[in-house]
Structures are given as C-alpha cells and as structure tokens.
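Reading through the structure tokens given below for one structure.
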Amino acid sequence: MGLTFREMSQVLAAWGGWLIDGYTSIAYLLVAVDMSKIFFPTNLGYLSLILTLLPVTFGAVARSVGSLVLGNFLGDRIGRKTLLTISILGFTLFSASKGLIPSYSEIGIVAPVLLYVILFIEGLFAGAEYGGGAALAMESVPAEKREPVGAFMQSGYGTGYFLIVFVDLMLTGLFGATNFAAYGWRYLFFTALIPGVLTFVIRFFSKETKVFRKMREEKEIVKSPAASMFRDSHVKLIYGLMITTGLLFINTATFSFYPILGGADFLNLGSGLLDALLLINFVSLIGVWSGGYLARKNRSRRLPMLVFSLVFSIPTAAFVILGYSSNILVFALVFSVQAFVEAMIFSALPAFLAETFSKKYRSTAVGLVYNGGAIFGGTAIVLLTAPAKIINLKLLWIIELYAASILLIAGLLLSRSYEKHQGDVIDL
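Residue numbers for the sequence shown follow the working numbering, so the first one is 411 and each next one is one higher.
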C-alpha cells in the first residue's frame, strides 16, 4: 500500500479491532449450540438455542450505545487513539470473561443473566471500534489510498473469523469432541487475550492523527459532537443506516449463519464444516482486497459499493438453492463465491462513511451508523432460525436476503446527493 511506518502503525491499530471483532463474534457462534445446553435448562430444547443466539441482536443495541457515548466523549473530544486504546482493553477482557461463567446447573438462572450482562458490556466497548478505527485509519492516509486501506481494515474481520475457526479445530482435536463441548469451548474465548493484548500494545504506542491534532491546536473540537451530528447530518444518518442495516443483515444472514446452517440442527455437516468455513473465509479475504483494488481509482466511494451490491444480489436465489446442500464440497464452493462477492461490497465502506461525516463528529457518526445498522441487521440469525421449523428455510432465506439487498441499494441510490469525493471532507 506504500505507507510510511507511522501510517502503517495507525492502520494496524485500527485493523486489530476488526480482527478481535471477527474472532470473538464467530467464536460465540461456533459454540452457540454447546453453550445453549450449558447456560439454559435442558428441557427447553430448541428454544435454548434461540435464547443463546438472541444476544447477537441484544449486543448490537449495546454497540450503538457504546459508539454514541464513547465516540462523543472520547473519540471526538479527546482523540481517536485514546478511544481505541480504552475500547480494545474492555472489549478483550469481557470477551474472554465469557469462558468463566458458571453453568445453569451450578448457579441456575444467574448463568444466562451473567451471559447477557457480559455480552452487553462487551458490546459497549466493541461499539467504539468501528467509528474510532475508521476515523484513525482514513485520517492517517492520503485520499488515493483510502479504499485499499479500508479494504485491508475490513479484512480484519475475515482474518479473525479465519483464525478462530483454525483455533477451534486445534482445540477440538486437543480436547476431543465430547470434552470440547463440555468445557473446552471456554478456552476458545480465553485465546482472545492474545490478539487483544497485541492490539492494545500497538495502539498504546501509535500516534494520534494529524487531522485530530490540528483540530485540537485550532480549537475546532466541539463541546457536544453528538448534538452537532444530529443537527447537521440527520439525513445522512438515515441514508447511512439504510445502507448498513441492509449490508449487515446480509452479512449476518451469510457469514454468521453458515456455522449455524452447517450445524447439527440443519445440514449436520459434522467436522467438515470447519474446513468449509476456513475456505469460505479465505476466499472472502481475497474478495475484500480485490474490491479495494478495483475501486481504488474511482473518485466515487458510493458507485463501487452499488455495483458490487448488484452483482451480489442478482444471483442470490441461485446461491441459496445450490449451496443449501449436505454435500460439504458443494456447500463450501457455492458459499465461497457468495462470500467473495459480498466481501467486495465492504471494501469501500470505511472510506465512504468517513468521508460522509465531518471530522468534528466522525468517530461518533461512523460508529453510530455502522452499529445502528447492526441492531436490525443482527436479527438475521434469529429471523432465520426461529421460524425454520414451520417455514421452508431456503425460501425464507432468499426472501430475507433480497429484502436486505433492496434496502442496501436504495440507501446507496438516495445518498447520491450527499456523496463526497476524495479529499473533500478529510483535509490532511
């Protein structure tokens, strides 16, 4: 990407947050079935899985609150670096602490209550990651490098996904399937401490962006960034939320749903599922990097996202019909193609959102738009699994993906009048 050492350290500081997010989010989904049998009464049956997956949506609300509060009081008033240094510490510690919660058989109803409380607090810190990270990285690099850098940052989530699946494979082999389901899954959460500590160190020694330092020197920091954001950019917020809601619903209904779909309650792909997920996420990394490369010379951040969205949405039904298979090879290949195209949409998102909002409330606005979109976007798994016993899952999946695609594309089309070109918003 041709970055200086300082720029690269700032980009890596932001990238680490996406990695931790992918690592911990997918860890939870990989062991959701095991956790449902440990934190809820055994007589609940399928309902216990729904209750275990419900916090995926619950956590999105916490993330929105965290992005608004921490972005307002830290990211846009004290600094991007300070925000990210504090957020990664809390995010990592609470992510790992899920492995310490006693079972339902040990403490009764307190067990699921503790799980929900920890997930909410974890979500508060996680909510600051996207807005702070996007501001830090996009303000640290020249305009012509923002799309490749943004694609690299977005690939952090897929990298975390890839790593946690690999770690899951190793721990399952180490403990054996039975012992892993009983207690070995706890170590999966403990391993989050390793990338978390490394990211904390990088952030601690990284520098604040020139944009924010200049704001501080020229006394441009506003007293209430959130108030300014709602006053000046309420229409942009609406269009931005349409885009992220549609995109994150798609993402949750694909990447996050693959582990559930391939599990015992649906396709029952067995141990081959983890191998398939490794392939799917490796291909998705190539997809997001390819998207950043293809979009790098386009002055519009919105147009590449629109094109990639159309390429993803048109063959949606074919992806579902062909990929919904108990043949592990077919499952892996079809959803690898789907993942490749979907990942391309995300490549331009950091630059698009960062350039949409003023530097005075960039951390707050970008974080709120991204995490606000996850509130409904995060319901995808529950909206797919809850009615799956009474409605044809393939049909339901196709309908929900097309509905989300329409919302995404509508948001991109409507935001045209507010589109900013390279350098128009972020002055370096």
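Idealized CB from N, CA, C, for every residue including glycine.
{"Asked": "Among 742, 515, 577, nearest to residue 592 - alpha-carbon criterion", "Found": "515"}
{"Asked": "Cut-off 7 Å between Cβ atoms - residues of its own chain near residue 433, not counting five sequence neighbours on either side", "Found": "570, 573, 574, 602, 605"}
{"Asked": "Buried versus exposed, by CB contacts within 10 Å (16 or more), residue 482", "Found": "buried"}
{"Asked": "7 Å Cβ cutoff met for residue 623 and residue 494", "Found": "no"}
{"Asked": "Nearest-angstrom beta carbon gap, residue 463 and residue 442 [assumed within contact, 8 Å]", "Found": "6 Å"}
{"Asked": "Cβ pair count under 8 Å reaching 3, the stretch 543-553 against the stretch 772-782", "Found": "yes"}
{"Asked": "Given 8 Å, three or more beta-carbon pairs between the stretch 684-698 and the stretch 794-810", "Found": "no"}
{"Asked": "Inter-stretch contact at 8 Å, needing at least 3 Cβ pairs: the stretch 706-723 / the stretch 747-765", "Found": "yes"}
{"Asked": "Pair within 7 Å by beta-carbon distance, residue 561 and residue 757", "Found": "yes"}
{"Asked": "Segment limits, alpha helix (DSSP H) that includes residue 632", "Found": "Element bounds for residue 632: n/a, residue is neither H nor E."}
{"Asked": "Rounded C-alpha distance that separates residue 607 from residue 799", "Found": "42 Å"}
{"Asked": "Neighbourhood of residue 444 by C-beta distance below 6 Å, restricted to the same chain and skipping five residues each side", "Found": "591, 595"}
{"Asked": "Presumed contact (8 Å Cβ cut-off) between residue 703 and residue 552, rounded CB distance", "Found": "The Cβ separation is near 16 Å, so there is no contact."}
{"Asked": "Collapsed DSSP secondary structure at residue 751 in the structure displayed", "Found": "helix"}
{"Asked": "Neighbourhood of residue 821 by C-beta, 7 Å cutoff - its chain only, sequence neighbours within 5 removed", "Found": "649, 652, 653, 656"}
{"Asked": "Length of the line joining the Cα atoms of residue 681 and residue 784", "Found": "30 Å"}
{"Asked": "Beta-carbon separation (whole angstroms), residue 506 vs residue 513, contact threshold 8 Å", "Found": "Contact doesn't hold; Cβ gap of about 18 Å is too wide."}
{"Asked": "Given 8 Å, three or more beta-carbon pairs between the stretch 469-483 and the stretch 526-535", "Found": "yes"}
{"Asked": "Cα-Cα separation between residue 658 and residue 586, rounded to whole angstroms", "Found": "34 Å"}
{"Asked": "Contact set for residue 579: own chain, Cβ-Cβ below 6 Å, skip 5 residues either direction", "Found": "684"}
{"Asked": "Alpha helix (DSSP H) segment containing residue 526, residue limits", "Found": "520-548"}
{"Asked": "Contact check, residue 465 vs residue 540, beta carbons under 7 Å", "Found": "no"}
{"Asked": "Whole-angstrom distance between residue 517 and residue 698, CA atom to CA atom", "Found": "44 Å"}
{"Asked": "Cα-Cα separation between residue 555 and residue 717, rounded to whole angstroms", "Found": "20 Å"}
{"Asked": "Own chain, CB closer than 7 Å to residue 805, minus 5 neighbours either side, in chain order", "Found": "none"}
{"Asked": "Local Cβ density within 10 Å of residue 430, reported as buried at 16 or more and exposed below that", "Found": "buried"}
{"Asked": "Integer Cβ distance of residue 455 from residue 538, believed to fall under 8 Å", "Found": "The pair is not a contact, with the Cβ atoms about 37 Å apart (cut-off 8 Å)."}
{"Asked": "C-alpha gap between residue 833 and residue 661, whole angstroms", "Found": "With a pLDDT of 39 at residue 833, under the threshold of 50, the predicted position of this residue should be treated as unreliable, and no value is reported."}
{"Asked": "DSSP state of residue 618 mapped onto helix, strand, coil", "Found": "coil"}
{"Asked": "Through-space distance from residue 424 to residue 544, alpha-carbon basis", "Found": "7 Å"}
{"Asked": "Rounded separation between residue 498 and residue 439 - CA only", "Found": "21 Å"}
{"Asked": "Whole-number beta carbon distance between residue 731 and residue 686, since they are thought to touch under 8 Å", "Found": "About 18 Å; that fails the 8 Å criterion."}
{"Asked": "N- and C-terminal bounds of the alpha helix (DSSP H) containing residue 651", "Found": "644-664"}
{"Asked": "Residue closest to residue 415, alpha-carbon to alpha-carbon, out of 616, 620, 564", "Found": "616"}
{"Asked": "Under 7 Å between C-beta atoms of residue 677 and residue 736", "Found": "yes"}
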